[in-house]
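Notes follow once the structure below has been shown.
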Amino acid sequence: MKTAKKVFFWVLVGFALIQFIPVDKVNKPVDQKLNFVTTENTPAEVAVLIKNACYDCHSDETVYPKYAQIAPISWSIKSHVNDGRRHLNFSVWKSYNADLKKSMLQKSVQTIQNKTMPLPGYSVYHAEANLTAAQQKILTNYFESVLKAGKF
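Right, dumping it as structure tokens:
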């Protein structure tokens with residue numbers, strides 16, 4: 007029994023100590039001249055869907071939940087945000103070249119249709135990101151219309 011108490015004690019000490027490892031959750035300033043919603047003149051209804059379902063991981067406008075303050079959860083969330091921004095960052099949309107924009111829009115349509123985005127684990131904790139079939143269709147139709155227009 008003493009061994010179990012020692013193990014529990016050291017696990018608790020380790021958990022307490024990792025809380026002091028900082029995670030940078032400061033967003034970069036957003037230049038609206040580069041932002042997807044602004045530059046593509048996105049309709050308000052679509053903009054709300056994109057911001058609710060995509061922007062926390064795919065923009066510099068991430069709103070971190072309260073539980074993102076707790077390590078190691080904070081590390082995982084920051085890693086997901088970094089990965090999301092690396093694949094597509096709506097905040098710097100205008101800085102991407104045309105081929106990259108086309109690829110990102112096609113991938114966005116594909117991931118929405120395959121229901122792989124937003125991530126299921128994200129949607130569980132963020133009801134606003136849990137898109138209905140109709141909302142998914144609105145987003146895919148919009149992204150496809152941007153693709154067809156080719157004005158990016």
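Residue numbering for the sequence shown follows the numbering used here, beginning at 7 and increasing consecutively. Ideal Cβ placement from N, Cα and C applies to all residues, glycine included.
For residue 99, no alpha helix (DSSP H) run applies, since DSSP gives it neither H nor E.
The beta carbons of residue 149 and residue 97 sit no closer together than 8 Å.
Between the beta-carbon of residue 43 and that of residue 53 there is about 5 Å, and that keeps the pair under the 8 Å contact cut. Between the beta-carbon of residue 144 and that of residue 55 there is about 6 Å, and that keeps the pair under the 8 Å contact cut. In the structure shown, residue 128 adopts helical secondary structure according to DSSP, grouped into three states.
By the neighbour-count criterion, in which a residue is buried when 16 or more other Cβ atoms sit within 10 angstroms of its Cβ, residue 18 is exposed.
Judged by pairs of C-beta atoms under 8 Å, the region 70-78 does not touch the region 7-17, as fewer than three such pairs exist.
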